[in-house]
Every structure is written in structure tokens, then in C-alpha cells.
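Using the working numbering, you'd call the opening residue of the sequence shown number 411 and step up by one each time. Even glycine gets a Cβ: it sits at the ideal position worked out from N, Cα and C. None of the values given here were measured: they were computed from a predicted structure. Worksheet: one structure, shown below.
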Amino acid sequence: MPQPLDLMPTLLQGLWVTVQVYLGAAVFVLVCGVVVGSMRSSRHRWLRWPAKGYILGFRGVPALVLLFWFYYVMPAIGLRLPALAAGILALGLNFGAYAAELVRGAIAAVPSGQTEAAIALNMTPMQRMIRVIGPQATLRALPPMGSLNIELMKNTALVFFIGLHDLTFQGRILQNDTQRTVQIFTLALAMYFVLALCIMAASRGLERVMGRGMQGGAR
411 MPQPLDLMPT
421 LLQGLWVTVQ
431 VYLGAAVFVL
441 VCGVVVGSMR
451 SSRHRWLRWP
461 AKGYILGFRG
471 VPALVLLFWF
481 YYVMPAIGLR
491 LPALAAGILA
501 LGLNFGAYAA
511 ELVRGAIAAV
521 PSGQTEAAIA
531 LNMTPMQRMI
541 RVIGPQATLR
551 ALPPMGSLNI
561 ELMKNTALVF
571 FIGLHDLTFQ
581 GRILQNDTQR
591 TVQIFTLALA
601 MYFVLALCIM
611 AASRGLERVM
621 GRGMQGGAR
């Protein structure tokens with residue numbers, strides 16, 4: 411009968427795949443959030459409307475359906491993606507839409523007086539975004555973005571359905587081979603929980619660093 415330590419190598423292999431999916435998707439989410447959120451906040455319609463369409467479209471589609479579409483439908487039209495790429499792309503696009511709305515809200519929450527002061531100093535729109543609006547919006551966006559990243563990490567378990575050997579997939583393989591359901595999925599649960607704690611700690615650490623930076627810049 412396998413002991414818990416005997417199960418760890420297989421579960422750790424799955425954990426590494428889960429981490430790869432999460433990190434790849436998190437980068438995608440960050441880029442989409444900043445770019446699309448900034449577009450959504452623009453005063454130019456030709457930037458706002460495509461961003462609004464992306465947010466509405468991808469927030470209205472389940473992540474699992476997107477996974478199936480990228481992995482099973484795209485080959486039918488001549489575009490075949492590896493399971494890892496399909497998982498990262500589907501989760502990145504789905505959660506990127508939520509991140510974009512968080513960024514838009516954070517930008518909108520910056521007091522208008524800050525923008526007016528930057529205009530009075532003859533800053534260009536780019537300078538205003540980088541030096542005034544961006545840092546304050548970032549500080550406001552970090553707490554909800556940390557929560558969104560935890561949700562993203564938990565949703566990496568969906569890649570199980572496209573055959574990617576993540577932590578959940580490896581747990582199912584071990585369960586079929588050993589019938590040690592309680593031990594296997596208790597260990598898997600603990601691993602997901604530790605990942606969530608790491609993401610939470612990183613988010614709070616970044617909040618403290620950004621907060622100290624803002625206070626130092628205000629002196």
C-alpha cells in the first residue's frame with residue numbers, strides 16, 4: 411500500500427505543470443489587464459469600443475468552453491495548439507477580461523485633481539499615465555488583482571479536461587492506480603492551498619513595497 415511520501419513524486423510533477431500554466435496565464439492576464447484596461451479608460455472611441463467588446467465577450471464565456479474551443483475546435487480550422495499553450499491562452503484571455511475591468515476601475519478611482527495638476531504641469535498624456543495615474547491606480551488594483559490571481563490558480567485545474575498532466579490529472583491517475591483517494595486528494599488540496607498562500611503573500615508584499623514607494627515619493 412503506497413505511503414503518502416510514495417505519492418509525492420507524481421503529484422509534484424503535476425504541481426510543476428500547474429505552476430507553469432498559472433505563471434503563463436498570469437503574465438497573459440497582466441498584459442491584457444493593463445493594455446485593455448488602459449484602452450477602456452481612453453477618451454478615444456476607437457480604443458474604448460474594441461476594449462469593451464473584448465471584456466464583454468470573454469467575461470461572458472466559461473473558461474472551460476474556451477479551453478475546449480482552443481484545444482478541440484482550432485485544429486478543425488487548421489490551427490493546432492499544444493495543450494499547455496491552449497490552457498494558458500484560454501485562461502489568460504478569460505481572466506484578462508476581468509483584470510482589464512479591475513484596471514479600468516482603478517484608473518477611474520484616481521482623483522481628478524491629480525490629473526488636473528499633471529495637466530497644469532504640462533505633462534503629456536503618456537507622462538500623466540506613467541508618473542501620476544499609473545502608480546496610484548496600481549496601488550488600488552493590487553488587492554483585487556491578488557484575489558483574481560488566486561482564482562486563476564484554482565481554475566488551472568480545468569486543464570485536466572484537455573489531458574494536460576497537471577496536479578488534478580496526476581491525482582486522478584494515482585487514484586485509479588492505488589485507490590488511495592483520501593491521501594491523494596488531501597495532498598493535492600494542501601498543495602493548491604500552499605500555492606494560494608504564496609500568491610497571497612506575494613501580493614501583500616508588493617502592496618507594501620508600492621505603498622512605501624508612494625509615501626517616499628510624496629515627501
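Under the three-state reduction of DSSP output, M449 falls in the helix class. By the C-beta criterion, the segment 553–570 is judged to be in contact with the segment 496–505, since at least 3 inter-stretch pairs fall below 8 Å.
Under the criterion of beta carbons closer than 8 Å, M620 and T548 qualify as touching, at roughly 6 Å. The three-state reading of DSSP puts N565 in helix, counting H, G and I together. In this structure, I543 lies near I517, with their beta-carbon atoms less than 8 Å apart.
G502: member of the alpha helix (DSSP H) spanning A493 to A519, first to last residue. Of M484, C442 and H454, the smallest CA-CA separation from F468 is found for C442. At least 8 Å separates the beta-carbon of R514 from that of T525. DSSP, read as helix, strand or coil, puts M539 in helix. The residue from H575, L605 and L552 with its alpha-carbon nearest to that of R618 is L552. In the DSSP assignment, W459 falls within the alpha helix (DSSP H) that extends over R455 to R469. Comparing alpha carbon positions, the residue from I487, L501 and L466 closest to I560 is L501. Sorting I609, T588, V431 and A611 by C-alpha distance to the C-alpha of T420 places T588 at the top.
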